[in-house]
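Novice: This is the structure I have questions about; it appears just below.
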Amino acid sequence: MSDTTLQSILCEASVDWIEAAGAPTAKPKRFSIVAYTGGSMRVAAYYRPVVIDLAGLKNNAGEIPVLLGHDPAQIVGHGAPEITAQRIKLSGVISGAGNAAREVAESAKNGFPWKASVGITPESVEFVEPGSKATANGKTWTGPVNIVRSGVLGEVSFVPIAADAKTSATVSAHQRPDFQRGPTMNENETIETIRATQARETERIGAIRQVCGRDHGAIEAKAISEGWSPERTEIEVLRAERDARELHTLRSSRSTPPASGSDRLGRPGHAALEAAFARAVGVDVEEHFKPEVLEAADRVGQGYGLQELLLAAARENGYSGT
Numbered sequence: 000m001s002d003t004t005l006q007s008i009l010c011e012a013s014v015d016w017i018e019a020a021g022a023p024t025a026k027p028k029r030f031s032i033v034a035y036t037g038g039s040m041r042v043a044a045y046y047r048p049v050v051i052d053l054a055g056l057k058n059n060a061g062e063i064p065v066l067l068g069h070d071p072a073q074i075v076g077h078g079a080p081e082i083t084a085q086r087i088k089l090s091g092v093i094s095g096a097g098n099a100a101r102e103v104a105e106s107a108k109n110g111f112p113w114k115a116s117v118g119i120t121p122e123s124v125e126f127v128e129p130g131s132k133a134t135a136n137g138k139t140w141t142g143p144v145n146i147v148r149s150g151v152l153g154e155v156s157f158v159p160i161a162a163d164a165k166t167s168a169t170v171s172a173h174q175r176p177d178f179q180r181g182p183t184m185n186e187n188e189t190i191e192t193i194r195a196t197q198a199r200e201t202e203r204i205g206a207i208r209q210v211c212g213r214d215h216g217a218i219e220a221k222a223i224s225e226g227w228s229p230e231r232t233e234i235e236v237l238r239a240e241r242d243a244r245e246l247h248t249l250r251s252s253r254s255t256p257p258a259s260g261s262d263r264l265g266r267p268g269h270a271a272l273e274a275a276f277a278r279a280v281g282v283d284v285e286e287h288f289k290p291e292v293l294e295a296a297d298r299v300g301q302g303y304g305l306q307e308l309l310l311a312a313a314r315e316n317g318y319s320g321t
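Numbers 0 to 321, taken from numbering that gives the first Met the number 0, label the letters of the sequence shown in order.
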């Protein structure tokens, strides 16, 4: 499965180190984060585990923003990510001028174990069916699992709690080599990109709910969790409605007597019922019905009383009782 409008992924990992706020330097404080190591994650809004295929992950912005809790208004700093076949690592500086930057730096000085969470916008996602296998990051994954085959790294955030309780962070005051700083990024442009992505996701979910209405809750849940587009969702709804109509037609054909003669269970068709009633009241029906219908009418007259005839006629019109 591949869609271009998909739920953003926020995955959590450890903060490698943050330079202590009290270190004697006039330069902005530095940090290093190992953000992702190629494993399987439980991600909000995705019902199945998620694996990010690092071979298809891009960084289109050069240096990216570093936020507090994925809030574009809470800028901590910025950094240059390094994406390899084994991990996502980011080295950067605490360049923010607001409370978020001070909170991260001061808390790190006091030993707070900050975690990191990476914001990724998927471009295509492969859903591996239960029992099927697929490869990513040098490993073989058995479904059910979502594999993000391509996507864009948008931002990294400091967060207080990680989904993985085994992750940890270390804070160091030791001197570290200076990191080469690239061109200054346009932070406002990056924030607008994040907001636009969130707006598109909200629009996608709203369109899916409109397509599904009240009758297709299961399809709606699967479409949202697996990142379907509204167009694919509409196709699945149409298929479900078509299957329901075909099932109804099949059941009706099994329960409705044939137009003439008897069915395979010996139940009379409506023509045979008509002929049997006509004979019961003395009408000559020989010229009005085919021989096989008259034969069925004879059997009806021999084996059916008035109550049985009325019940057979009722069944022809949809009655299912006894």
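Each residue gets a CB set at the ideal place from its N, CA and C atoms; glycine is no exception.
Answer with buried or exposed for Y46, where buried requires no fewer than 16 other C-beta atoms within 10 angstroms of its C-beta.
Specialist: Taking the sequence shown and counting its residues from 1, one reaches residue 46 at position 47. The residue in question, Y46, is exposed, as its Cβ has fewer than 16 Cβ neighbours within 10 Å.
Novice: Taking the C-alpha atoms as reference points, what is the distance between T120 and G91?
Specialist: Translated into the one-based positions of the sequence shown, residue 120 becomes position 121. Translated into the one-based positions of the sequence shown, residue 91 becomes position 92. If you take the alpha carbons of T120 and G91, they lie about 21 angstroms apart.
Novice: Since G153 is in the beta strand (DSSP E), which residue starts that stretch and which ends it?
Specialist: The residue you call residue 153 lines up with position 154 of the sequence shown. Looking at the DSSP string, the run of the beta strand (DSSP E) that includes G153 is 144 to 158.
Novice: What residues match up with F126 in a beta bridge as DSSP calls it?
Specialist: By 1-based counting over the sequence shown, the position of residue 126 is 127. Its beta-bridge partners are N145.
Novice: Looking at the structure shown, is H77 part of a helix, part of a strand, or coil, going by DSSP?
Specialist: Position 78 of the sequence shown, counted from the start, is the residue given in the question as residue 77. Strand at H77.
Novice: Compare the Cα-Cα distances from N58 to each of Q85, K108, T232, G153 and report the closest residue.
Specialist: Locating residue 58 in the sequence shown gives position 59, counting from the first residue. Checked all of Q85, K108, T232, G153; the closest Cα to N58 is G153.
Novice: Output the boundary residues of the alpha helix (DSSP H) element that contains V282.
Specialist: As a working note, residue 282 is residue 283 in the sequence shown. First-last for V282: undefined, no H or E at that position.
Novice: To the nearest angstrom, report how far apart E200 and A313 are at their CA atoms.
Specialist: Within the sequence shown, residue 200 is the residue found at index 201, counting from 1. Within the sequence shown, residue 313 is the residue found at index 314, counting from 1. Approximately 53 angstroms between the Cα atoms of the pair.
Novice: If A295 and A271 are in contact, beta carbons under 8 angstroms, what's the gap, nearest whole angstrom?
Specialist: Along the sequence shown, read from residue 1 onward, the residue named residue 295 stands at position 296. Along the sequence shown, read from residue 1 onward, the residue named residue 271 stands at position 272. The pair is a contact, with the Cβ atoms about 4 angstroms apart (cut-off 8 angstroms).
Novice: Starting from the Cα of Q73, find the closest Cα among R29, V144, N98 and give me that residue.
Specialist: The sequence position of residue 73 within the sequence shown is 74, counting from 1. When each option's Cα is compared against that of Q73, the closest is N98.
Novice: Roughly how many angstroms lie between the CA atoms of G68 and E245, to the nearest whole one?
Specialist: Within the sequence shown, numbered from 1, the residue matching residue 68 stands at position 69. Within the sequence shown, numbered from 1, the residue matching residue 245 stands at position 246. Between G68 and E245, the C-alpha separation is close to 50 angstroms.
Novice: Using 8 angstroms for Cβ pairs, my map puts V124 next to R148. What's the rounded Cβ distance?
Specialist: Position 125 of the sequence shown, counting from 1, holds the residue named residue 124. Position 149 of the sequence shown, counting from 1, holds the residue named residue 148. At roughly 7 angstroms, the Cβ-Cβ gap stays under 8 angstroms, so V124 and R148 are in contact.
Novice: If you reduce the DSSP assignment to three classes, tell me which class T134 lands in.
Specialist: The residue you call residue 134 lines up with position 135 of the sequence shown. Strand at T134.
Novice: Buried or exposed, going by whether 16 or more other CB atoms sit within 10 Å of the CB of K28?
Specialist: Mapped onto the sequence shown, residue 28 falls at position 29. With 16 or more Cβ atoms within 10 Å of its Cβ, K28 is classed as buried.
Novice: Quick check: I218 and C211, are their CB atoms within less than 7 angstroms of each other?
Specialist: The sequence position of residue 218 within the sequence shown is 219, counting from 1. The sequence position of residue 211 within the sequence shown is 212, counting from 1. The answer is yes: Cβ separation under 7 angstroms.
Novice: Using only the alpha-carbon positions, how far apart do M40 and I51 sit?
Specialist: For this step, residue 40 is matched to residue 41 along the sequence shown. For this step, residue 51 is matched to residue 52 along the sequence shown. Going from the Cα of M40 to the Cα of I51 covers about 9 angstroms.
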